[in-house]
Each structure stands twice: as structure tokens, then as C-alpha cells.
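Q: Can you read through this structure? Questions will come right after.
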Amino acid sequence: MNSTEKERNPLLSRAAFGHDFHWGVSNAAFQVEGAWNENDKGPSIWDTFTQKKGNIYGGHQAKIACDFYNRYPSDLDLMSALGIPDLRFSISWPRILPKGTGKVNPKGLAFYDRLVDETLEKGITPWVTLYHWDLPQSLQEQGGWINRDIIHWFEDYAQIVVKTLGDRVKNWMVLNEPMVFTGGGYFLGIHAPGKKGLANFIPAVHHATLCQGIGGRVIREFSPGANIGTTFSCSYVEPYRDTPRDHKAARKIDALLNRLFLEPALGRGYPINDLKLLQRLERHMKPEDEELMKFDFDYIGLQNYTREKVKFSISTPILWANIVKAENRKVHFNEMGWEVYPESIYHMLHQFSAYPEVKKIIITESGTAFDDKVKNGEVHDPNRTKYIQDVLHQVWKAKQEGVPVQGYFIWTFTDNFEWAEGYRPRFGIVYNDHTTQERIIKSSGQWYSDFLKS
Ligand code: FCB
């Protein structure tokens, strides 16, 4: 840490978080691996979605992405040189099962086997996500998350992965942000597979909730002693104006964004009281589902990037609530249009830890995208460093107040393929030249390294 950064945030030191706090970086298979059809990998819904004109910013595709599939050894070397102790990555389902079910692709499994071994050899602890949005295309052709059979497809896939890697991988996450992949992919149609409307969204939500619990049980059975979690996107939600109607609108959006998948996992069922439209989930419930939805997670993965201000809206039928965009609120926002608001994580840590069933929280993603530029071969991003420091200060404060937060993973290591936004937003602490694949450590990456070594 240089002296100006120290002055800005005197409390910030690694030791202040305790010796058992996990520190890492996160990525996801589709966003970094590339090798989209190498070694018998099958297509995923994201391969299909990115090929359709108009779906992705600039027509970008992820056929090569960061070429992590081939370059992981040097990326791991760089992580280890920077002193990053933990890496969170995900498994590509269609690399393991090209058709989603049935015949296993041994070359796909071998890739993750090597990745896990090399991660461990380089002194980095692997944290593995079973599902980070790249559903096999063949399963989408049978309805994907809308088809209840997914609970069997997912269980079989999870068993194959956990039986292979579970002896060495001891930190797991079942799903990445179910609210985002069901909301973006099955309600708004802005993410793969591009489906829209409540008729798609509601069954997708229920089946993802069931898979959350099912995946947890598979890991418990086949990876003895594992630390098992699943991840949730969340944003601190506040009413736009101090009126009863805006307060009510904010409660509904909070139920939708922050509680929809967490509460059933905790055994509390869906938050129907605050969001009546969720009653439609009941049509998809079978008698055994209440139990299947529950799982006693060892930790909750919290992923936070911003806050939302919400107002009553007459023009949004059913929900009667709207999010007021940051750009219309005269606040500082990032390349994604998300308000820069480090305090959000503090509120969400308190909100999640208020459930007595939540034992431990790991921040499995936190970061921001700014317009980084290379100058004389270097990238200076003091705004990202400041954001991370400010967030860490909020995390530290919540921890001091008794919130059982035990880890922090930056999203992300190298700039990568940011879903519908293509390569435009850069979230990395390492710059990636997407043409040459040259990696340049940003000043934020150097800061994180100094912080971790301090
Ligand atoms: C999260 C996703 C992750 C990345 C970040 C910026 O919602 O889990 O893959 O895109 O946002």
C-alpha cells in the first residue's frame, strides 16, 4: 500500500480481518475459458445466444474469451506471484456432458482435474461453482430451466463433478446468482436463452430453487468435510421517496432481488407475503418440494455491486414498482450504469446475517467496471482501488459488529466477457488485451497484492 492510500484508509490491513479470513478472486467458465468447441465440448445456451445478432454489445462472442482453457497455467502463476490465496471458478456443464445428460466427455473432466491439481500445486485453494449460467444447449431444447426434469439432469451432472473433484476441492457453490439467470434469461430475455415473461420465469425459479437444495445434498454426500455454499446477487433496496407507496414498492423489489432464493433455502419458503405474484409458484409445487428446497448451507455467498432506489409505478402492471436508474438520480455510476455505493454491502451483510439460519457469509463477488486505459504499457485505476478499499472498510465494520463474514473475492482477475455487455466493461484487476491476450497488472491488482502480502 502506498502512503496516500494508507492515509485514506488507516484501518485497512489484512490482519484486521483475522487469520481465518479467505481472500481471493472469482471468475466463471464461459467468461474466461474460450475453447468453445475444443475437445468435444458441446454448445451451451450462451454459445447459441451470443451468435444471434443484436443480443450482445458490439456482436461480441466468447469463442476465445481470455483463452483461460489454454492459458490457465500462466494465469495461476500470476495469481500466485501476486499472493492471491483463493480462486473461485466454475465448471462448464457442456464441457463435461456435451448433451447435458448421458455420455461423459472424458477430455472435459480431465481439464478440470488438471486445473484443480495445478491450482493446489501453486498453493492456491480452489472454490468451485457447479453452475454459472452455461446450460447445455440440448437441455434448453427440452425446455431448460422450465422443464422439471432439470432436477434430475442437474443431480446427475453434479454427481459426476463432485465424485471426480470432491477429494481435492473442499469449497463449493451450487448456483451462481439464480435471480440473475432466471430473471435475465427467462423473464427479461436479455440473457441466454432469451426467454421472456412470467410463464417462463415462474417455473424456472422453482426448478432453480430445487436444484439449489439438491446440489447441496450431492456435495455433502460425495465430498466429505466440504464447506458448502451457494451464491446470491443482492442490492440494498431503498424507497425513492419517503412515501407509503414507495416503501411498499421497495419491499416488493427487496423480496424479488434479495430474498426469493435465499429464504426457501433457509426453510422459510418463498417470500409470498411481500410479493403476491409469487403465489404463482404454488402451481409448480409438489408435496415433497418444501423439503427438497431446503439445505443447511455452511455458508452463504453474497455478491453485491450496487444499491437500488425503487418507486411506485402505475405503468408496471403486476409489480407496480420500478427501479430508478442511477443515471437519473445524479449519482456516480460505473461502466455498467450501476451506482457506486460501497455502503450497500454493509447493509446486505446485516440483512443476510439477521436470519438465524445463516451461519457464515463469504463475499463471493465484489468489484466494479471503469473505463481503464493502457498508457505506456501500464493501467492506472485508482478509482477501482478506492472502491475496493471502501467496500472492505464496510465489510470490516460489519464484521466488528458481529456479522460472521469470513471471506472476500474480487470480481474479477482478468477483464473478461461480461455477458450481454460483451468485452466493453472491464472488471479485472489485471487488464486483458482481448486481441493479443496480453495481461497487464493494473494498479488495483498491485494494491491487492501489497495488501495481501502486508
Ligand atoms: C455478476 C455475475 C458475474 C459477473 C458480475 C459482474 O452478476 O455473477 O458473472 O458478470 O456480475
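In terms of our numbering, the sequence shown is residues 1115 to 1568. Positions of the beta carbon are idealized from the N, C-alpha and C atoms, including for glycine.
So does the segment 1238–1256 actually touch the segment 1193–1211, counting three or more Cβ pairs closer than 8 Å?
A: Contact between the segment 1238–1256 and the segment 1193–1211 is present, because at least three Cβ pairs lie under 8 Å.
Q: If you run the structure through DSSP and keep just helix, strand and coil, what is ILE1555?
A: As a position in the sequence shown, residue 1555 is number 441, starting the count at 1. Of the three classes helix, strand and coil, the one that applies to ILE1555 here is strand, per DSSP.
Q: Excluding the 5 residues preceding and the 5 following GLU1121 in the sequence, name in chain order all residues of the same chain whose CB lies nearer than 8 Å to its CB.
A: Residue numbering aside, residue 1121 sits at position 7 when the sequence shown is read from its first letter. Caution applies to GLU1121, whose pLDDT of 41 falls short of 50 and renders its modelled position unreliable; the model cannot decide the point.
Q: What is the rounded straight-line gap between the Cα of ILE1178 and the Cα of ILE1170?
A: Locating residue 1178 in the sequence shown gives position 64, where the first residue counts as 1. Locating residue 1170 in the sequence shown gives position 56, where the first residue counts as 1. Rounded to the nearest angstrom, the two C-alpha atoms are 15 Å apart.
Q: In whole angstroms, what separates the C-alpha of MET1115 from that of ASP1564?
A: Along the sequence shown, one-based indexing puts residue 1115 at 1. Along the sequence shown, one-based indexing puts residue 1564 at 450. Note on MET1115: pLDDT 43, under 50, position unreliable in the model; no value is reported.
Q: By the DSSP assignment, the alpha helix (DSSP H) with THR1243 in it spans what residues?
A: Working through the sequence shown from its first residue, we reach residue 1243 at position 129. From DSSP, THR1243 is part of no alpha helix (DSSP H) but of the beta strand (DSSP E) over 1239–1245.
Q: Have a look at the DSSP bridge pairing and note the partners of THR1528.
A: The residue given as residue 1528 occupies position 414 in the sequence shown. The partner list for THR1528 (beta bridge, DSSP) reads VAL1544.
Q: Excluding the 5 residues flanking GLN1273 on each side, which residues of the same chain have their C-beta closer than 7 Å to its C-beta?
A: Stepping through the sequence shown from its first residue, residue 1273 is reached at position 159. Within the same chain, GLN1273 has close Cβ partners VAL1332, PHE1336.
Q: Check whether the Cβ atoms of GLY1327 and MET1407 sit closer than 8 Å, and answer yes or no.
A: Here residue 1327 corresponds to residue number 213 of the sequence shown, with the count starting at 1. Here residue 1407 corresponds to residue number 293 of the sequence shown, with the count starting at 1. For GLY1327 and MET1407, yes; Cβs fall inside 8 Å.
Q: To the nearest angstrom, how far is the alpha carbon of ASN1497 from that of ILE1414?
A: Translated into positions along the sequence shown, residue 1497 becomes position 383. Translated into positions along the sequence shown, residue 1414 becomes position 300. Going from the Cα of ASN1497 to the Cα of ILE1414 covers about 28 Å.
Q: Using a Cβ-Cβ distance cut-off of 8 Å, determine whether PHE1336 contacts chain D.
A: Absent here is chain D; the protein component of the structure consists of one chain.
Q: Who are the near neighbours of ALA1369 in its chain, counting only those whose CB is closer than 6 Å to its CB and skipping five residues on each side?
A: Within the sequence shown, residue 1369 is the residue found at index 255, counting from 1. The residues are PRO1385, ASP1388, LEU1389.
Q: Less than 7 Å separating the Cβ of GLN1465 from some heavy atom of ligand 1?
A: On the sequence shown, residue 1465 is found 351 positions in, with the first residue counted as 1. No, ligand 1 has no heavy atom inside 7 Å of this Cβ.
Q: Rounded to the nearest angstrom, how far is the Cβ of ASP1231 from that of ALA1143, given a contact under 8 Å?
A: Residue 1231 sits at position 117 when you count from the first residue of the sequence shown. Residue 1143 sits at position 29 when you count from the first residue of the sequence shown. Not really, about 17 Å apart at Cβ, beyond 8 Å.
Q: Since TRP1510 contacts SER1480 with CB under 8 Å, what's their CB separation in whole angstroms?
A: The sequence position of residue 1510 within the sequence shown is 396, counting from 1. The sequence position of residue 1480 within the sequence shown is 366, counting from 1. That pair is no contact at about 13 Å.
Q: Could you have a look at MET1407 and say whether DSSP puts it in helix, strand or coil?
A: One-based indexing of the sequence shown puts residue 1407 at position 293. The answer is helix: DSSP assigns MET1407 an H, G or I state.
Q: Specify the secondary structure class of TYR1171 as computed by DSSP and reduced to three states.
A: Translated into the one-based positions of the sequence shown, residue 1171 becomes position 57. Note: TYR1171 maps to helix in three-state DSSP.
Q: Using DSSP with H/G/I as helix, E/B as strand and the rest coil, what is LYS1567?
A: Position 453 of the sequence shown holds residue 1567. DSSP places LYS1567 in helix when its eight states are reduced to three.
Q: Please indicate yes or no: does the CB of GLU1422 lie closer than 7 Å to some heavy atom of ligand 1?
A: Counting from one through the sequence shown, the residue named residue 1422 turns up at place 308. Because no heavy atom of ligand 1 lies under 7 Å away, the Cβ of GLU1422 does not count as near it: no.
Q: My understanding is that ASP1412 touches LYS1474, with C-beta atoms under 8 Å, so please give their C-beta distance in whole angstroms.
A: On the sequence shown, residue 1412 is found 298 positions in, with the first residue counted as 1. On the sequence shown, residue 1474 is found 360 positions in, with the first residue counted as 1. So it is a contact: roughly 6 Å between Cβ atoms.
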